[in-house]
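See below for the structure under consideration.
In UniProt numbering, the protein residues as written are 1 to 135.
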């Protein structure tokens, strides 16, 4: 059991335990409840997507945001139908959410749009009329 201490509480055992505790991910430190809510919000939105509704995408927490991966149903990217990256959502220091699509040929993320409104970006991802995210 780790004892929490406040700054300047002395050099007792609690202070030693606090120094040895591993730090959390830099982008999520101190924001776990909000990050968890966002993770669930993304998962709920994906259940209402238009393309490939019969597969189960996964939302992975990353130090710099959330990565969505899914089995490749079209076989356009992975002929074996393996798991591929679909999208990456990251919130910048300016408060804007940025939605990226994976350019599988170039092996890089490409920003598609940005907004303060996360649900609006999730709508773009889930409709994907141009098949940018779900190739």
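Glycine is no exception: its CB is placed at the ideal position from the N, C-alpha and C atoms.
It should be emphasised that the depicted structure is a prediction, and the values quoted were computed from it without experimental measurement.
| query | result |
| --- | --- |
| Within 10 angstroms of its Cβ, does residue 36 collect 16 or more other Cβ (buried), or is it exposed? | exposed |
| Please report the Cβ distance between residue 60 and residue 49, rounded to the nearest whole angstrom; I am assuming they are in contact, meaning their Cβ atoms lie under 8 Å. | Contact doesn't hold; Cβ gap of about 17 Å is too wide. |
| Per DSSP, which residues does residue 86 bridge with? Please list them. | Per DSSP, none; premise fails for residue 86. |
| So within the stretch 33–59, which uninterrupted alpha helix (DSSP H) runs reach at least 4 residues, ignoring any that extend past its ends? | none |
| Let me confirm a value: residue 100 is counted as buried when at least 16 other C-beta atoms fall within 10 Å, else exposed. Which label applies? | buried |
| Just to check my reading of the structure: residue 86 and residue 39 have Cβ atoms closer than 8 Å, yes? What is that Cβ distance to the nearest angstrom? | Between residue 39 and residue 86 the Cβ distance is about 15 Å, and since that is not below 8 Å, they are no contact. |
| Under three-state DSSP, which class holds residue 72? | coil |
| Within a Cβ cutoff of 7 Å, which residues of the same chain sit near residue 127, ignoring the five residues on either side of it in sequence? | 50 |
| Could you spell out the range, first to last residue, of the alpha helix (DSSP H) harbouring residue 101? | Segment 97–103 is the beta strand (DSSP E) holding residue 101; no alpha helix (DSSP H) there. |
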